[in-house]
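Sequence positions in the sequence shown follow our numbering and run 7 to 709.
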Amino acid sequence: MPTPIQLALDLQASAEDVQETGVPIDEAFPEDAANELSRLESYNKHLYRPNTYLHKWWARRSGTIFRHILKQLVADPFKRDFYAPGGLEDTIILDPMMGGGTILHEAIRMGANVAGVDIDPIPAMQAKATLSMFPLSHKQAVFDRFFTELSRRLSPLYRTICPLCGEEAETQFVLYGLRRRCDCQEVLFVDSFLLRENHGEDIHICPTCRQVYSGADHRCQAESGSPLVEKGTESCEACGAAFDDILDEPFSERYVPLVVVGWCPEHDQFFKAVGRTDLARIAKARDEVSDVNFGDPEDFRVPSGPKSDDLLGRNVASFQELFTPRQLLYLSASAELLQELPRKDRLWLALLVSTSLDFNSLLCGYKGAGISRPGAIRHVFSHHAYSFPYTALENNPVFSRKRSGTLQRLYHDRIVRAGEWAVEPVERFIDDDRREKVTIQGEIDGGEPVHDWGELLEGRRRFLVLQADSATLDIPEGIVDYVVTDPPYYDSVQYSDLSTFFRVWLRLFLPQEADWRYDPLASAVSEGDAPGKQKYGEVLGAIWEQCHRALNKEHGRLIFTFHHWDPEAWAELTLSLKRAGFVLMSRWVVFSENPASVHIRDLKALKHDVILVLKPKIGEGKAPQWPEPSQFDATDSYAFCRDCGAALGWFLSTDLSEPHIRGQWRYVIEGAASLPFTERKLIYPLVHLTPLARSTAQTSSMV
C-alpha cells in the first residue's frame, strides 16, 4: 500500500535561509538518486508511468529522470525534493518533440502548463487522450457498451468444442503453422512440437497426424496433410532441397490453423487439434469479410521504408494481408462502432483498439510453452522490427477473460490502472534494500485542454497539444519558461516507419482527428547517407531556433537528453545548437537503458544519457568555461557521455569552422586514424595549439 514518507528537506527552515538565484539545474543535479530510480524503472517502465502507455510508441525515456530534471527547475527549495508535490505552478513547459509524452505528463503533474508538439499524429492523439481527465466510471460505461456489442458480433466466430466434455466453449487463441516448400512437397513449420510444459504431462502436437496429446503415450493416427517441421530445419530429408517461403500468395494464406486453445467453464483451459467446426467458423469469417469495404486500398499499401521493406521483401503489399479474416472483422466492427461515439470517447477507445493490434495480427508469435509463462503472446513489435513467426498466434480480442493481448486485459492495464494512477501518482522510494511505493499527495496527471498559446498564460495544468512541424511553429516570443525534450535518436527513422502499421487503421477510426497526409520524412532523423546526416542538424537547428525565440531570455533554458557513439551525430547536434544561438550551462549524466532492452541487447550500446542544459546566447551573458577536449575513453558509457557533454560546451564557445568541428568530433571519439590524410594534418594538431595558434592554423588552411 503506497504510504507517505519523510521528505529529505528540513521543512522548518525559513525561506530567507534558502534564497537562491539563477536556475538550480545550472549548478546541481542529483545524479546518484536519479540513476538509482532510473535503473529500477528501466525494467518495467509501463508499470511506473501507466498513464503514458495508452498506445504503442518506441524509445520512451525514464519518467523518473525527467521528474528529477523538472524538480531542478523549481524555484521553491521546499518543493524541489523528488517526493514533494508540485513546484512548477505558473510555469510554461514546451516539448517540441514529445514522442511518448513523458515530459508533458511529468510537468503537468507538478502544476505546469504544458505544450507538446510532434510531427507524427500518434503521439499527438495519445497525449490528448491521456492528459484529458474523465471519470473512470464514465469510461467503464462506454467500454462496456462497446465491448458488449463487439462481442455479440464476433464471439460466435470464436466458439469451439471442449474435448473433455463435448460442450461448447470459448476460443482463447489459435496456433498456426507456416507453409513452406521444397522440391518435392509442402510442409508446415512450427517453432516447436512442444505446446506446453505441464509438470510431467507436457502437451505436444504430433508432426505426422497433427493430433494434440499430453504425456508420453501417443498412438499416431494416419498422416494428416502436410507434415510438420520444427524451426531450424534447413532442408528436406526426402529430396535434400532447401525449404523456401511461399511468396506468391497473400500473407494470411501462408499459414494453416493447427491448434485451438480454448476455455471451458468446467475444465478451464485446454489444447486440442483444430476440428471441422473450428475450420467451418474460420471459413464463415472468410465469407463475411469478403463483403467488408475498408475504403481506398491505397490507404493500406505498405510504403518503402527501413523496416517496411522487410514486408515488401516478403511480397506483402497491403497491411490488410497481415490479419486473419476474423481479425479483419474485428477491425471493421470496431470502426463502425467507434463512429457512433462522441469525439471525446472515440479518441481514447480508438487508440486502445489500435494498440491491441500489437497482440492481434498474424505477426504475433507464441511464447507460452514455458511453465512460467502459460499462454503468453510475442507481440508484433517485441523486437522493434517486423518479425515473421513460424508458429503464428491468432488471438481472440473479445475473449471474456483478462488474458494476454485481449481487449479486456488491455482496457484494464491501459485505462483502468492508468486512470487510478493519474489521480494518485505513485513513485518508488529506495532505502538500502527496502523499496516502498509512495503516493505523491496533491498531484494529478492530467489537466484542461486549450486551443491556443494565449490560453497557456492563465490557470494551471493546462495543455496545448499540436500535430505539427516544430520548425515552423508560430510561438509568441518569450512565452516559454523552459524547453524540455528528448530529440529523436540520430538514425532511428524506423520508428516512424514502424508506426505505419497502426496509422493505417487509426486513419480509418479517426479520419478527422489528424493530418494523415503529413510527410514523415520531415522528421529530423538521419537516413544514413551524407545528405541525411546533415539533414538531422538542419531540422534540429530550425527547431532550436524556434525554441530560442520562444524562451524567456532571463531564465529560459533548453534542456534535453542525448547519447550516441557516432561523431557525426554529435557534430550535427553541435552545429544545430551553434546556429540557433545556445551556450551550454551544465551537463549531467544519468542511466537510461536497461541492458536487456531488445534494441540494444548484446550490442556495444550506451547505457547512459547526458542531460544538456543550455541557455539562449544573448549579448555578453556569462557561460561556463569548458575544457578543450582530448581523445575520449570509449570503453566506459558513463565517462564517454560525460566527456561528450563537456566537449559540446567547448565547441559551442569556439569560433571553429564547421569542417573543423566535424573533424575534431571524429578525432576525439574515433582517433586520428579515422580521419582522411588531408584532414589528419590539419585537425590533429589543433587540440594541442594555443587559441592564437589554432586561429592562425585554421585561417591559413582555409586560404
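Note that the Cβ used here is the ideal one computed from N, Cα and C, for glycine as well.
Between the options, which has its C-alpha nearest residue i's C-alpha?
i    : options                   : result
E176 : A548, R352, T283 and E634 : T283
G206 : G221, V619 and E173       : G221
C215 : D208, Q518 and H224       : H224
N321 : Y501, D251, D293 and T330 : D251
V489 : Q552, V262, Y495 and A81  : Q552
L472 : L546, P630 and D124       : D124
S241 : D189, F35, R423 and L363  : D189
D503 : Y542, W576, V444 and K313 : K313
Y372 : Q447, L253 and F199       : F199
L264 : G238, E272, A279 and P271 : A279
Q447 : L253, G465, A428 and H74  : A428
L201 : Q191, R185, V193 and F179 : F179
C270 : S296, G677, E174 and R185 : E174
A291 : Q146, A339, G319 and D351 : A339
S310 : G677, L516 and A323       : A323
E229 : A645, F597, Q217 and N299 : Q217
V267 : E430, P517 and A375       : A375
T58  : F657, F325, G651 and R420 : R420
If you follow the beta strand (DSSP E) that residue i is part of, which residue opens it and which one closes it?
i    : result
D101 : I98 to D101
F435 : V432 to D437
F195 : E192 to V196
R143 : Note that residue 143 corresponds to Ser in the displayed sequence, not to Arg. No beta strand (DSSP E) holds S143; the alpha helix (DSSP H) holding it covers L142 to L160.
G268 : Y261 to C270
Cα separation between residue i and residue j?
i    : j    : result
I485 : G105 : 22 Å
R407 : F195 : 30 Å
T136 : W64  : 17 Å
P127 : W522 : 7 Å
Y261 : P213 : 16 Å
L142 : V422 : 7 Å
I436 : D87  : 14 Å
G452 : M139 : 6 Å
L620 : K85  : 23 Å
G93  : T154 : 44 Å
I606 : S296 : Because the pLDDT at I606 is just 38, under 50, the model does not fix this residue reliably, and the value given afterwards should be weighed accordingly. Those two C-alpha atoms are separated by around 42 Å.
E464 : L662 : 44 Å
E255 : R668 : 49 Å
L234 : F515 : 39 Å
G677 : Q540 : 22 Å
W576 : R165 : 57 Å
A81  : D525 : 40 Å
E203 : L413 : 27 Å
K77  : L110 : 14 Å
E454 : H554 : 27 Å
If you check the beta carbons only, do residue i and residue j fall under 8 Å apart?
i    : j    : result
S592 : I71  : no
K613 : S643 : yes
R384 : G117 : no
A424 : L60  : yes
L170 : F276 : yes
L160 : L335 : yes
R513 : G547 : no
L148 : L347 : The residue you asked about is not Leu; residue 148 is Val in the sequence shown. Cβ atoms of V148 and L347: closer than 8 Å.
Y496 : D572 : yes
L43  : R440 : no
D392 : D316 : Here residue 392 is Tyr; the residue named in the question, Asp, does not match the sequence. Yes, Cβ-Cβ distance for Y392 and D316 is below 8 Å.
V120 : A113 : yes
T361 : L416 : yes
L590 : A629 : yes
W632 : I617 : no
F508 : L353 : no
L318 : F329 : no
Just curious, the alpha helix (DSSP H) that residue i is in, first and last residue?
i    : result
G425 : R423 to V429
D293 : R282 to V295
R468 : First-last for R468: R468 to Q473, but that is the beta strand (DSSP E), not the alpha helix (DSSP H).
I75  : G69 to K77
K559 : Unbroken run through K559: none, as it is neither H nor E.
A40  : E37 to E47
C168 : Premise fails: C168 is in no alpha helix (DSSP H) and is neither H nor E.
I667 : E664 to E676
Y336 : P331 to L344
Do we get a CB-CB distance below 8 Å when we pair residue i with the residues of chain D?
i    : result
L479 : Here there is only one protein chain, and chain D is not present.
Across the stretch 631-641 and the stretch 550-570, are there enough close Cβ pairs to call them in contact, namely three or more that are closer than 8 Å?
no
Would you check if there are 3 or more beta carbon pairs closer than 8 Å linking the stretch 357-367 to the stretch 395-410?
With the cut-off at 8 Å, the stretch 357-367 and the stretch 395-410 touch.
Evaluate contact between the stretch 99-117 and the stretch 470-487, counting only Cβ atoms and requiring at least three cross-stretch pairs below 8 Å.
Yes: at least three Cβ pairs fall under 8 Å.
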